[in-house]
Amino acid sequence: MGKGKRMKIVLLVIIAVVSLLWPAVAMAQQADLVNDGSIEVKYFHGGSPGFGSKLNWISRSNAVTITMQVYSDAWGPDTLSDTFKVGSVTEGVYRYGTTGDYADIIVTRYDLRPGVNRISLRASGYPSETLTITYQDLPEIDGQYLGEMKNGKLEAFQKAVSLNFPKTVYLYVYNNNSREPVTDQSLRLEVVRTPEQLDTVVAQGLERPDERRAFVSPVFHVGGADNQAAFSEPGTITLAFAPQVSTLAADTISIGYKEDLSSQWTWIGGVTDARKHTITAPFKGMGYYAVFNATRGFAEFDMPDTLFAADDGTHPVDLRWSRQYVETLWAKGIMTGGYDTLDDTKYTKYEFGLAYKKGGEKVKEVPVARGEFAAMMVKGIGWPLVPEPANGKRTFDDTYDSSKGYLSAITYDTDGVVDKVYAADDYAHDPNHYADSLTQYLETAARNGMINGYPVDNNDDDIPDAYAFRPEDTLTRQEAATIIARTMNLKLETDQAKVDAALQKQFSDASSIGEWARPYVLAAAKTGYFEGYGSGTFGPNDKLTRSQAAKLVYLVMKEMKKI
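In terms of our numbering, the sequence shown opens at residue 121 and continues consecutively.
Pasting the structure below:
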């Protein structure tokens with residue numbers, strides 16, 4: 121374009137990159153952005169911006185599309201003009217039409233740095249203009265960050281969201297057995313709602329899950345530019361939460377996750393850094409993430425005299441000692457609470473489910489099921505789950521293979537059903553507590569050496585014997601000690617005489633401990649995971665209660681720095 125050509129109007133259109141497939145809730149743009157996400161700037165050749173347009177804008181997205189259009193009635197149709205330049209991007213452009221002719225350059229993704237970005241706009245032979253866009257890298261509504269991981273890491277919004285994966289990670293086509301990489305390896309992080317909005321406006325699928333948990337961070341969405349993408353390796357997500365949250369609340373802080381707006385919040389726990397006000401948990405997949413604080417307790421701890429008083433005025437059950445352990449594991453999503461296990465329906469919604477009372481019987485503690493305890497341990501430790509095996513390929517022949525297979529049930533023993541926690545007359549169960557199947561938890565526990573099963577003789581020489589775990593049975597204290605010792609790699613005494621002598625000094629019922637379990641019980645007792653009763657006994661065949669199970673898992677997590 122020569123200087124003699126008449127340039128009528130230059131139009132600059134800046135459009136935030138937003139995929140129509142993106143599931144986030146649309147919100148109003150900031151004042152300097154029009155509601156449809158585009159900005160139009162008009163100016164005459166050689167002059168300053170006209171018609172009230174601006175060359176200064178604010179963006180909450182780090183990636184924008186810039187379209188530069190130049191109109192001139194002096195061009196012929198469909199001919200190659202001189203080059204246009206937007207920042208460092210230079211392209212040759214074609215002229216179109218015969219009347220009101222124009223040419224344009226479109227930069228579909230222009231990445232912004234946090235803060236002020238000055239972008240030079242040039243058309244050959246004409247004065248340049250400077251477009252200024254201030255990118256606000258803040259965890260505020262409509263914040264967006266589009267980028268690829270570098271060495272397995274990606275962070276946005278002043279580190280309000282951070283992803284951490286192995287350096288070799290890549291995005292592949294979900295449900296593709298060949299794990300073929302997707303073409304676009306970009307990830308998009310979004311701020312969907314702030315806590316204030318979640319408490320005051322219709323949340324459209326992001327509502328507060330119950331009265332016991334409160335949002336202490338925005339809701340973020342993590343997704344790929346290709347919405348069918350999945351990560352090739354497991355990783356972690358770190359979220360920042362409100363700085364005013366007390367450091368003493370570290371144990372009740374948890375990350376919630378939901379795959380889409382129609383699914384329920386599930387709790388993936390997390391390790392809290394109270395000083396930095398961040399929490400880190402295993403990354404579950406593309407979807408919504410937020411930090412919650414558990415703000416209310418349960419009736420077993422707040423009103424034990426009301427719930428547990430026997431008809432004779434005694435209090436056979438006092439569970440207040442377990443409050444720290446139970447409420448922490450509940451907040452982290454490792455235990456389920458909120459069961460109606462007592463006769464008094466007045467406090468049903470406030471009960472956790474640690475004790476039961478049937479008719480005129482005295483209150484008794486609820487035992488933990490073998491499957492529940494193994495799942496609690498795996499979930500608390502944070503081991504990546506192995507894929508669910510096909511039928512016939514499972515370690516145990518009596519485990520569920522449903523994607524929602526685990527029933528976190530609590531009940532007293534059903535008449536005629538011995539040592540079963542799950543039975544037909546259970547008060548309540550929660551099939552969604554463990555979003556992954558029980559089979560995956562048990563397979564993970566077995567492959568890591570945490571648990572073993574039992575051979576089952578089917579009394580038929582022509583059919584192979586089964587191998588069972590009995591996930592619905594109760595767990596004895598000596599079995600629990602064995603699981604703890606195996607999981608924590610505790611040092612075992614191999615001299616059986618020394619084991620017996622040490623146990624006899626510590627527990628008056630040492631002879632009742634199974635010979636196979638004695639080294640494990642001794643190791644677990646020495647390291648503080650187990651204590652005897654006030655009577656000096658260990659109770660090896662007693663059923664491990666849910667409150668006792670909570671303490672054990674809490675101690676394991678504490679030792680492994682998982683809380």
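For each residue, glycine too, the CB sits at the ideal point set by N, CA and C.
Take the Cβ of Met-188 as the centre, count every other Cβ of all protein chains shown within 10 Å, and call the residue buried at 16 or more, exposed below.
Locating residue 188 in the sequence shown gives position 68, counting from the first residue. Met-188 is buried by the Cβ-count criterion.
Taking the alpha carbon of Arg-180 as the point to measure from, which residue in Lys-273, Leu-318, Ile-253 and Leu-505 has its own alpha carbon closest?
Residue mapping note: residue 180 aligns to position 60 of the sequence shown, counting from 1. Distance check between Arg-180 and each of Lys-273, Leu-318, Ile-253 and Leu-505 places Ile-253 closest, using alpha-carbon atoms only.
In the structure shown, what three-state DSSP assignment does Leu-562 receive?
Within the sequence shown, residue 562 is the residue found at index 442, counting from 1. Correct three-state label for Leu-562: helix.
Give a yes or no on whether the C-beta atoms belonging to Gly-491 and Trp-387 are separated by under 9 Å.
The residue labelled residue 491 in the question sits at position 371 within the sequence shown. The residue labelled residue 387 in the question sits at position 267 within the sequence shown. It is not a contact, given that the beta carbons lie outside the stated cut-off.
In three-state DSSP terms, what is Asp-380?
Mapped onto the sequence shown, residue 380 falls at position 260. DSSP places Asp-380 in coil when its eight states are reduced to three.
Any contact of the segment 436 to 443 with the segment 395 to 413, i.e. 3+ C-beta pairs under 8 Å?
no
Can you check the segment 265 to 291 for any beta strand (DSSP E) of at least 3 residues that lies completely inside it and give the ranges in chain order?
273 to 276 and 281 to 284
For Asn-182, does the count of other Cβ atoms within 10 angstroms reach 16, so buried, or fall short, so exposed?
In the sequence shown, residue 182 corresponds to position 62, counting from 1. Counting Cβ neighbours within 10 Å, Asn-182 comes out buried, since at least 16 surround it.
Which full runs of the alpha helix (DSSP H) of 4+ residues lie inside the segment 307 to 368, going along the chain?
315 to 320
With DSSP as the reference, label Arg-666 as helix, strand or coil.
What you label residue 666 is simply residue 546 of the sequence shown in a count that begins at 1. Arg-666 falls in the helix class under three-state DSSP.
Which of the three DSSP states, helix, strand or coil, is assigned to Ala-690?
Residue 690 lies beyond the residue range present for the chain, which begins at 121 and ends at 683; the question has no answer from this structure.
Would DSSP call Ser-628 helix, strand or coil?
Against the sequence shown, residue 628 aligns to sequence position 508. Residue state, collapsed to three classes: coil.
Would you say the segment 223 to 240 touches the segment 280 to 291, given that touching needs at least three Cβ pairs under 8 Å?
no
Output the boundary residues of the beta strand (DSSP E) element that contains Ile-388.
For the purposes of this step, residue 388 is identified with residue 268 of the sequence shown, where counting begins at 1. For Ile-388, the enclosing beta strand (DSSP E) begins and ends at 386 to 389.
Going by C-alpha to C-alpha distance, which of Phe-421, Ala-621 and Gly-344 sits closest to Leu-474?
Locating residue 474 in the sequence shown gives position 354, counting from the first residue. The shortest Cα separation from Leu-474 among Phe-421, Ala-621 and Gly-344 belongs to Phe-421.
Which of the three DSSP states is assigned to Trp-177 in this structure?
Position 57 of the sequence shown holds residue 177. It is a strand residue.
Note the first and the last residue of the continuous alpha helix (DSSP H) segment covering Ala-644.
Here residue 644 refers to the residue found at position 524 of the sequence shown. Element bounds for Ala-644: 638 to 646.
Can you say whether Ile-577 is buried or exposed, counting buried as having 16 or more other CB atoms within 10 angstroms of its CB?
Start at 1 with the first residue of the sequence shown, and residue 577 comes out as number 457. For the record, residue 577 in the displayed sequence is Asp; it is not Ile. With fewer than 16 other Cβ atoms within 10 Å, it is exposed.
How long is the line joining the alpha carbons of Tyr-574 and Thr-358, rounded to whole angstroms?
Residue mapping note: residue 574 aligns to position 454 of the sequence shown, counting from 1. Residue mapping note: residue 358 aligns to position 238 of the sequence shown, counting from 1. Tyr-574 and Thr-358: Cα-Cα distance of roughly 40 Å.
Per DSSP, what are the beta-bridge partners of Glu-249 in this structure?
For the purposes of this step, residue 249 is identified with residue 129 of the sequence shown, where counting begins at 1. Per DSSP, Leu-241.
According to DSSP, Asp-393 sits in a beta bridge with which residue or residues?
Position 273 of the sequence shown, counting from 1, holds the residue named residue 393. Bridge partners of Asp-393: Thr-398.
Distance, Cα to Cα, Arg-308 vs Gly-652?
Counted from its first residue, the sequence shown places residue 308 at position 188. Counted from its first residue, the sequence shown places residue 652 at position 532. Rounded to whole angstroms, Arg-308 to Gly-652 spans 53 Å at the Cα level.
Please list, in chain order, all residues of the same chain as Pro-286 whose beta carbon is under 6 Å from its beta carbon, the five residues on each side excluded.
Sequence index remark: in the sequence shown, residue 286 carries index 166 (1-based). Excluding residues within five positions, the ones whose Cβ falls inside 6 Å are Gly-272 and Glu-353.
With distances taken from CA atoms, which of Trp-450, Tyr-561, Arg-333 and Gly-569 is nearest Ser-667?
Your numbering for residue 667 matches position 547 in the sequence shown. It is Trp-450 whose Cα lies nearest to the Cα of Ser-667.
According to the Cβ coordinates, are Arg-242 and Lys-205 closer than 9 Å?
Position 122 of the sequence shown, counting from 1, holds the residue named residue 242. Position 85 of the sequence shown, counting from 1, holds the residue named residue 205. Yes, the pair counts as a contact, with Cβ atoms nearer than the cut-off.
Over the uninterrupted alpha helix (DSSP H) stretch that includes Tyr-445, give me the two end residues.
Position 325 of the sequence shown, counting from 1, holds the residue named residue 445. Residues 443 to 451.
From the DSSP output, read off the bridge partner residues of Lys-205.
Translated into the one-based positions of the sequence shown, residue 205 becomes position 85. Looking at the DSSP assignment, Lys-205 forms a beta bridge with Thr-210 and Arg-242.
Spell out the partners DSSP gives Gly-407 in its beta bridges.
Taking the sequence shown and counting its residues from 1, one reaches residue 407 at position 287. Beta-bridge pairing links Gly-407 to Val-342.
Does the pairing of the segment 324 to 337 with the segment 287 to 298 give three or more beta-carbon distances under 8 Å?
no
What do you get for Thr-559, buried or exposed, if any count of 16 or more other CB atoms within 10 angstroms of its CB means buried?
Residue mapping note: residue 559 aligns to position 439 of the sequence shown, counting from 1. Looking at its Cβ environment, which holds 16 or more other Cβ atoms inside 10 Å, Thr-559 is buried.
Ala-510 lies in the beta strand (DSSP E); which residues open and close that run?
Within the sequence shown, residue 510 is the residue found at index 390, counting from 1. Careful: Ala-510 lies outside any beta strand (DSSP E) and carries neither H nor E.
Give the range of the alpha helix (DSSP H) segment to which Ala-588 is assigned.
As a first step, residue 588 must be located in the sequence shown, where it is residue number 468. Run containing Ala-588: none in the alpha helix (DSSP H); it sits in the beta strand (DSSP E), 586 to 588.
Quick one: what's Tyr-230 bridged to in DSSP?
Taking the first residue of the sequence shown as position 1, residue 230 is located at position 110. Its beta-bridge partners are Val-184.
Between Ala-643 and the rest of its own chain, which residues show a CB-CB distance below 7 Å, the 5 nearest in sequence each way excluded?
Here residue 643 refers to the residue found at position 523 when the sequence shown is read from its first residue. Within the same chain, Ala-605, Leu-610, Lys-611 and Leu-612 come within 7 Å of Ala-643 by CB-CB distance, once the 5 residues on both sides are set aside.
Which of helix, strand or coil does DSSP assign to Glu-485?
On the sequence shown, residue 485 is found 365 positions in, with the first residue counted as 1. Looking at Glu-485 - three-state DSSP - the assignment turns out to be strand.
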